[in-house]
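Enquirer: The numbering of the sequence shown is our numbering, which starts it at 1 and goes up by one.
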Amino acid sequence: MIARLRRATRLQSLPLVAGFAVLALIVGTRAVLVESQRANRAAARETIEYQEQLSGLLSLAQDAESGQRGYLLTGEKSYLEPYRKAVEAMPGQLARIDAMTAEDDQLVQQVSHIKDALSQKQAELSQTIALYDRGDAAKALQLVRSGQGKAAMDEIRASMDTIRRIGAAAVAARDAHTDRVEAWLRIGSLAALLAIFLLAAYTIRQSRRRFREVATAQEELMRKNIELGNEIQTREKAESQIRQMQKMEAVGQLTGGIAHDFNNMLAVILSAMNLAQRKLKRGEHDIEKLVEAATDATNRAANLTSRLLAFSRLQPLAPQVVDANRLLTGMSDLLRRALGEGIRIETVLAGGLWKTHADPSQIENAILNLAVNARDAMDNDGKLTIETANSHLDEAYASTHAEVAPGQYVMIAVTDAGAGMSPEVISKAFEPFYTTKPVNKGTGLGLSQVFGFVKQSGGHVKIYSEIGEGTTVKIYLPRFFGPEEPAAPAGPGKSAVRVTETILVVEDDARVRAATTGVMRELGYTVIQAGSGEEALQKLAATPGIALLFTDIVMPAMNGRKLAEEAVARQPGLKVVFTTGFTRNAVVHNGVLDHDVHFLAKPFTMEQLEAKLRDVLDTN
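1. Run the CB neighbour count on G524, radius 10 Å, all protein chains shown included, and call it buried at 16 or more, exposed below.
2. I'd like to know if the segment 336 to 348 and the segment 421 to 435 are in contact, where contact means that at least 3 CB-CB pairs between them fall below 8 Å.
3. How far does the beta strand (DSSP E) with L384 in it extend, from its first residue to its last?
4. Would you call R208 buried or exposed, if buried means 16 or more other Cβ atoms sit within 10 Å of its Cβ?
5. Looking only at its own chain, which residues have a Cβ that is under 8 Å from the Cβ of Y132, when we skip the five neighbours before and after it?
6. Alpha carbons only, please: which of L540, G518, M555 and A547 is nearest the one belonging to S532?
7. For a quick check, are the C-beta atoms of H460 and Y476 less than 8 Å apart?
8. Looking at C-alpha atoms only, which residue of I503, G149, E341 and D359 is the closest neighbour of P319?
9. So the beta strand (DSSP E) Y464 belongs to, where does it begin and stop?
10. By a C-beta neighbour count over all protein chains shown, 10 Å radius and 16 as the cutoff for buried, is L194 buried or exposed?
11. Is it the case that the CB of G135 approaches a heavy atom of the ligand GDP more closely than 7 Å?
12. Assuming M90 is part of the alpha helix (DSSP H), what are its boundary residues?
13. Which residues does DSSP pair with F627 in a beta bridge?
14. How should K289 be labelled, buried or exposed, when 16 other C-beta atoms within 10 angstroms of its C-beta is the threshold for buried?
15. Could you tell me the alpha carbon to alpha carbon distance between M222 and N369, rounded to whole angstroms?
16. Assuming Y132 is part of the alpha helix (DSSP H), what are its boundary residues?
17. From the beta carbon of V111, is the nearest beta carbon of chain D less than 8 Å away?
18. Jot down the residue ranges of each uninterrupted alpha helix (DSSP H) in the segment 396 to 450, minimum 4 residues, whole runs only, in chain order.
19. Rounding to the nearest angstrom, what Cα-Cα distance links V450 and E46 in this structure?
20. Measure from the alpha carbon of Q53 to the alpha carbon of each residue in D376, A89 and R38, then state which is nearest.
21. For K539, report the span of its beta strand (DSSP E) as first-last.
22. Can you grab the Cα-Cα spacing for the pair M160 / A398, in whole Å?
23. How many Å lie between A172 and T234 at the Cα?
24. Among residues of its own chain, excluding the 5 on either side of A530, which ones have a beta-carbon nearer than 6 Å to its beta-carbon?
25. Based on the DSSP output, what are the partners of Q62 in its beta bridges?
26. Return the bridge partner residues of I528 from the DSSP annotation.
27. Using three-state DSSP, classify T605 as helix, strand or coil.
28. How many Å lie between Q109 and Q51 at the Cα?
29. What span of residues does the beta strand (DSSP E) with K77 cover, start to end?
30. Would you mind working out which of K355, L327, K77 and Q608 sits nearest S391, comparing C-alpha positions?
31. Given this structure, state the Cα-to-Cα distance separating F453 from E566, to the nearest angstrom.
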């Protein structure tokens, strides 16, 4: 009996045990389903993350390509900034993508394709930039048009599309697996007891609620992303407006400074000329001081123009191979006279100093400007140290300083023991017309001129200063690796020269032509004048014995360069001197005079004209 009762109890308990077993199975299946969903979400996040990284990599490649194209179209180095930043960022971006896709062989294969194509694209970009830097713009554009870069970009995009399809397929497979598990759960729930069915139904409702929450969260995330994008666009627009305002403010400051200084100089010239006219009308001839005042104002105006051109990197340069130690040694007397007896000058010249390739007269001007600034900072009493050294600017330094190329440089440092400069003053020191000196003590163009010359020469300038500790300004000029240039043969001295030559002056501005002709005749030359290239060629053919062609460069119909080429072809041995006030012209390219070109920038003094003519005429 007891045994039957026990057997019945066991039979009665079987449904309960079966029910609990089914319930346990359903609960276990539910747990598997929840874990599958969690894994799906994690995998989806990983897919989104590495696809975002891929999009970022594509954006970097496009930035690099845009920088290259902008540089090839304009020749402005500033357009290469996106290219440099993109090239620096790509290795890190690829490393993150490698880490995210390392466990999937298909993704690893596609990422490898992307790396190969990206290497081809980088090679094409760097090759075109190098060709353009060497002056072969046509070959650079031909390489761009060859389609190599486009093919590489197409391969990158194709591999990225394949990766996206792989990711989408993986997500779809995981979703399908989850759906199958959920279907089996529903089938088991229908076969269970009512209580188990109710539990299963409750579980399904909970699952659906969670799905709705996820969908709602995704919609909220999308809305937030849209709001963030709009905010970024608004901020970028505001920053662009601020940059434009800063540019206009800088232009206004520059224009105001130019107008102020030129108006002062014009006032002196106008007043002096008016007074001279009045005195001459009264029969008085003591106008020498007035003429000197007008001449001095004119020279200062020309010097101001030269300094502005130097700052804007447009001054014509005549670079030579320069030994900075020898140049500084030759400047010792000039520096002592310019700085006065109160300044003690110490020079520290490096042994084995490298050569540089720059305009020696502009190096002297830069050193003199820095020395005069140092003298003023020490109030005409103190120690000035000028030092030379070989210097290497590495990648780390170049990455934190705009327009600095890593490499070897000749360094010239000027150090004073003055009051020093604050960081705010240092940040503005190279701006034109910015000065902390008292009124009439400085123009605010000295450091601007140094900055422009150094940058135009491919160098770098840096200020180191602390309040109360003095200031050091370091000029870095690129090391020259070529052979040293032979010195130009010297002509006969002035005492042995008697002016007998005939000069053909070509100038389309009648007033400038008359003034230049008058000065040359005053110097004793026989002068023939022409107002155009065609007229000059006619007079050259009609007048034998013309020794030199003095021509303006910027003229209508036929410019001075074409005129000179035609004239020399007709009369071999004819010597030519070019002149202009416009720095971008047919004989000045990238701020450097063409080889074997004789050039005299407007305006010029009578002494400068005399020296240039004799130098050219006396050169064999």
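C-beta atoms are modelled at their ideal positions from N, C-alpha and C, and glycine is treated no differently.
Expert: Per the coordinate set shown:
1. In the sequence shown, residue 524 corresponds to position 524, counting from 1. Under the 10 Å beta carbon count, G524 is surrounded by fewer than 16 other beta carbons and is classified as exposed.
2. Verdict: no, contact absent.
3. Along the sequence shown, one-based indexing puts residue 384 at 384. Run containing L384: G382 to L393, per the beta strand (DSSP E) assignment.
4. As a working mapping, residue 208 is identified with position 208 in the sequence shown. Exposure of R208 is indicated by the presence of fewer than 16 other C-beta atoms within 10 angstroms of its C-beta.
5. One-based indexing of the sequence shown puts residue 132 at position 132. For Y132, same chain residues with a beta-carbon under 8 Å away, outside a window of 5 residues either side, are Y71, L72, G75 and A140 in chain order.
6. Residue mapping note: residue 532 aligns to position 532 of the sequence shown, counting from 1. That would be M555, whose Cα lies nearest to the Cα of S532.
7. Within the sequence shown, residue 460 is the residue found at index 460, counting from 1. Within the sequence shown, residue 476 is the residue found at index 476, counting from 1. Cβ atoms of H460 and Y476: closer than 8 Å.
8. In the sequence shown, the residue the question calls residue 319 occupies position 319. That would be D359, whose Cα lies nearest to the Cα of P319.
9. Reading the sequence shown from its first residue, position 464 is the one you call residue 464. That run of the beta strand (DSSP E) goes H460 to E466.
10. Position 194 of the sequence shown, counted from the first residue, corresponds to residue 194. Sixteen is the threshold: since fewer than 16 other Cβ atoms of the shown chains lie within 10 Å of the Cβ of L194, the residue is exposed.
11. Looking for the ligand GDP in the displayed structure turns up nothing, as the structure carries no ligands at all.
12. As a working note, residue 90 is residue 90 in the sequence shown. That run of the alpha helix (DSSP H) goes E81 to T101.
13. Lying before the first or after the last residue shown, residue 627 is absent from the chain, which here runs from 1 to 620.
14. Here residue 289 is taken as the residue at index 289 of the sequence shown, counted from 1. With fewer than 16 other Cβ atoms within 10 Å, it is exposed.
15. Residue 222 sits at position 222 when you count from the first residue of the sequence shown. Residue 369 sits at position 369 when you count from the first residue of the sequence shown. Those two C-alpha atoms are separated by around 60 Å.
16. If you number the sequence shown from 1, residue 132 lands on position 132. Note, Y132: alpha helix (DSSP H), D105 to D133.
17. No chain D is present in this structure, which holds just one protein chain.
18. With a minimum length of 4 residues, the continuous alpha helix (DSSP H) runs that stay inside the segment 396 to 450 are 423 to 428.
19. Stepping through the sequence shown from its first residue, residue 450 is reached at position 450. Stepping through the sequence shown from its first residue, residue 46 is reached at position 46. Straight through space, the alpha carbons of E46 and V450 are spaced by roughly 54 Å.
20. In the sequence shown, counting from the first residue as 1, residue 53 sits at position 53. When only C-alpha atoms are compared, the closest one is A89.
21. In the sequence shown, the residue the question calls residue 539 occupies position 539. For K539, there is no enclosing beta strand (DSSP E); the enclosing alpha helix (DSSP H) covers residues G533 to A542.
22. For the purposes of this step, residue 160 is identified with residue 160 of the sequence shown, where counting begins at 1. For the purposes of this step, residue 398 is identified with residue 398 of the sequence shown, where counting begins at 1. So the two alpha carbons sit approximately 33 Å from each other.
23. Here residue 172 corresponds to residue number 172 of the sequence shown, with the count starting at 1. Here residue 234 corresponds to residue number 234 of the sequence shown, with the count starting at 1. Spanning the alpha carbons of A172 and T234 requires a straight line of approximately 37 Å.
24. Sequence index remark: in the sequence shown, residue 530 carries index 530 (1-based). Counting only residues of its own chain and dropping the five nearest sequence neighbours on each side, A530 has a CB closer than 6 Å to the CB of V506, A536 and K539.
25. Walking along the sequence shown from the start, residue 62 turns up at place 62. The partner list for Q62 (beta bridge, DSSP) is empty, contrary to what the question assumes.
26. Residue numbering aside, residue 528 sits at position 528 when the sequence shown is read from its first letter. According to DSSP, I528 bridges with L504.
27. Here residue 605 is taken as the residue at index 605 of the sequence shown, counted from 1. DSSP, read as helix, strand or coil, puts T605 in coil.
28. Position 109 of the sequence shown, counted from the start, is the residue given in the question as residue 109. Position 51 of the sequence shown, counted from the start, is the residue given in the question as residue 51. Straight-line Cα distance between these residues: approximately 15 Å.
29. As a working note, residue 77 is residue 77 in the sequence shown. Run containing K77: none; DSSP gives neither H nor E here.
30. Within the sequence shown, the letter at position 391 stands for residue 391. The shortest C-alpha to C-alpha distance from S391 to any of K355, L327, K77 and Q608 is the one to K355.
31. Reading the sequence shown from its first residue, position 453 is the one you call residue 453. Reading the sequence shown from its first residue, position 566 is the one you call residue 566. Cα-Cα distance, rounded: 34 Å.
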